[in-house]
Amino acid sequence: MLAAVLEGPRRLFVREVAVPRVEGYALVRSELVGICGTDKAFYVGTYPLFKRPLVPGHEVVGIVVEGPPHLVGRRVVSEINFPDWSCDYCRSGLYTHCPYKRTLGIDFDGGMAEFFAAPPTALHVFDGPPELGIFVEPLAAVLNAFAIRPIRPGDKVAVIGTGNVAQLAAQAARALGASRVDGVVRRGSRKAATLAKFVDAVVEEPAESAYDVVFEASGDPSALELAVRLAKPRGVVHLKSTPGLPATFNATYFVVKEVAVVGSRCGTFREFREAIRLLLSGAVKPTLDAVFPLAEAREAFEYAVEKSPTKVAVRVS
Numbered sequence: 130m131l132a133a134v135l136e137g138p139r140r141l142f143v144r145e146v147a148v149p150r151v152e153g154y155a156l157v158r159s160e161l162v163g164i165c166g167t168d169k170a171f172y173v174g175t176y177p178l179f180k181r182p183l184v185p186g187h188e189v190v191g192i193v194v195e196g197p198p199h200l201v202g203r204r205v206v207s208e209i210n211f212p213d214w215s216c217d218y219c220r221s222g223l224y225t226h227c228p229y230k231r232t233l234g235i236d237f238d239g240g241m242a243e244f245f246a247a248p249p250t251a252l253h254v255f256d257g258p259p260e261l262g263i264f265v266e267p268l269a270a271v272l273n274a275f276a277i278r279p280i281r282p283g284d285k286v287a288v289i290g291t292g293n294v295a296q297l298a299a300q301a302a303r304a305l306g307a308s309r310v311d312g313v314v315r316r317g318s319r320k321a322a323t324l325a326k327f328v329d330a331v332v333e334e335p336a337e338s339a340y341d342v343v344f345e346a347s348g349d350p351s352a353l354e355l356a357v358r359l360a361k362p363r364g365v366v367h368l369k370s371t372p373g374l375p376a377t378f379n380a381t382y383f384v385v386k387e388v389a390v391v392g393s394r395c396g397t398f399r400e401f402r403e404a405i406r407l408l409l410s411g412a413v414k415p416t417l418d419a420v421f422p423l424a425e426a427r428e429a430f431e432y433a434v435e436k437s438p439t440k441v442a443v444r445v446s
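Pasting the structure below:
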């Protein structure tokens, strides 16, 4: 089968590889795969590869061709964590933190290939178009953040960033009861106009200590200090970006303001189900800027890195 294979920084090639066969796993024919911030960090090398070479892609939609009868022929989206289901973390309900897990497109070959393998327990039926399905995984990750530290009715929320996760977070915050959602952007941001469709205001110079919840999704390590300045005393800062770079900040802000900083990663089955509901109902409307064929996967990554659009996807079939 054809696959996009990442061998190192900016060394991505489309070539023939073996069809993945894993005992007990379903085989899924990939349709569409999104490129996320982690994928871009792997591609440029700021985030070292966990597996080399790697078939990237975890924001993936496809059709099950082999697996349980109730899934064969169905369009599905996949969770990205494949746990062992027997360790203490799994038995405690923290299966996304299983130390023995495989992670799709991270340390286990992902969906940017004609086929990918996944355990049936990770697959969710998606009765919508692939162009919508690629947003289930990132939206589930956003919802996981708000599950760890929920938004309270009436909260004022600031979202730092203009990309895909920022846009999804703004819409999710509104759906979860925020009274106001502001987008915090750099002066002259090209994507501010798109973000403006999902927030009450786009702000370049936000007021300090004005928000109950701050969602940092810019991918800029220096934004952590800004997030803490924007949070009210005893407010909450959600960290969502994984740029693979260290961050420096003044810890005094955290202590004096008693700010809670919450890191979060992937969604669980609950967040996947809710993400599917929000997308199919139209409560969350994502932005897809460009779609490249699999043969042009390298061009897709270059476009995503250099042009910094909201979302780029690779069409496989």
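In my numbering, the protein residues as written are 130 to 446. The C-beta atom is built at its ideal place from N, Cα and C for all residues, glycine as well.
Using the three-state DSSP reduction, which class does residue i fall into: helix, strand or coil?
i, result
"D311", "strand"
"V367", "In the sequence on display, residue 367 carries His and not Val. Strand, per DSSP."
"N273", "helix"
"G137", "strand"
"R444", "strand"
"L183", "strand"
"N210", "strand"
"E195", "strand"
"A247", "strand"
"E334", "coil"
"A132", "strand"
"P455", "No statement about residue 455 is possible, as the shown extent of the chain runs from 130 to 446 and does not include it."
"T225", "helix"
"V265", "helix"
"V151", "coil"
Let me check understanding here. Comparing Cα to Cα, which of the options lies closest to residue i?
i, options, result
"V420", "V271, V413, G411 and F430", "F430"
"C468", "T397, P422, A295 and R150", "Since the first residue shown for the chain is 130 and the last is 446, residue 468 is missing from the structure and cannot be characterised."
"S437", "P177, T250 and A321", "A321"
"V328", "R315, A302, R427 and T381", "A302"
"V294", "S308, P375 and A274", "A274"
"R144", "I235, F237 and E243", "E243"
"P362", "D349, N379, E337 and L156", "E337"
"A147", "P375, N379 and F245", "F245"
"P282", "P267, V201, R309 and A389", "R309"
"P198", "N379, L156 and R220", "L156"
"K369", "V173, G166 and D217", "G166"
"F171", "L408, V443 and V134", "V134"
"L324", "G186, K440 and G163", "K440"
"T250", "I280, P279 and E208", "E208"
"E152", "T381, H187, G196 and A132", "G196"
"V366", "A132, D284 and G317", "D284"
"T175", "P350, E387, L268 and V385", "P350"
"P267", "E435, G186 and V388", "G186"
"V390", "I405, L374, E435 and A352", "A352"
"P375", "D168, E428 and E354", "E354"
"L409", "V201, D256, V314 and Y154", "D256"
"R444", "K169, P177, D168 and G191", "G191"
"I405", "E435, A269, V434 and V384", "A269"
Do you know offhand how far residue i's Cα is from residue j's?
i, j, result
"V254", "V205", "4 Å"
"A360", "E333", "16 Å"
"L252", "V271", "19 Å"
"V194", "R158", "7 Å"
"F179", "P212", "17 Å"
"R181", "R140", "11 Å"
"T377", "R150", "43 Å"
"V184", "V357", "37 Å"
"F142", "V265", "27 Å"
"Y432", "G312", "24 Å"
"Y340", "L297", "18 Å"
"P279", "M130", "43 Å"
"I277", "E400", "11 Å"
"T381", "G364", "15 Å"
"E136", "E387", "44 Å"
"V189", "P335", "36 Å"
Which two residues bound the contiguous alpha helix (DSSP H) that contains residue i?
i, result
"A412", "First-last for A412: undefined, no H or E at that position."
"P259", "P259 to G262"
"L156", "Unbroken run through L156 is the beta strand (DSSP E), A155 to I164; no alpha helix (DSSP H)."
"V434", "A426 to K436"
"D217", "D217 to R220"
"K326", "Note, K326: premise wrong, no alpha helix (DSSP H); not H, not E."
"Y340", "Careful: Y340 lies outside any alpha helix (DSSP H), inside the beta strand (DSSP E) at Y340 to E345."
"A419", "No alpha helix (DSSP H) contains A419, which is instead part of the beta strand (DSSP E) from A419 to P422."
"L297", "N293 to A304"
Considering residue i, what are the terminal residues of the beta strand (DSSP E) in which it resides?
i, result
"K285", "K285 to I289"
"L252", "L252 to V254"
"V391", "A389 to G392"
* Meets three-Cβ-pair contact criterion under 8 Å: the stretch 339 to 356 and the stretch 286 to 306 -> Taking one beta carbon from each stretch, the stretch 339 to 356 and the stretch 286 to 306 have 3 or more pairs nearer than 8 Å; the two touch.
* To do: State whether the stretch 410 to 420 contacts the stretch 258 to 272, with contact taken as three or more CB pairs (one from each stretch) at a distance under 8 Å.
  => yes
* Three or more beta-carbon pairs under 8 Å between the stretch 218 to 225 and the stretch 392 to 406, yes or no? -> yes
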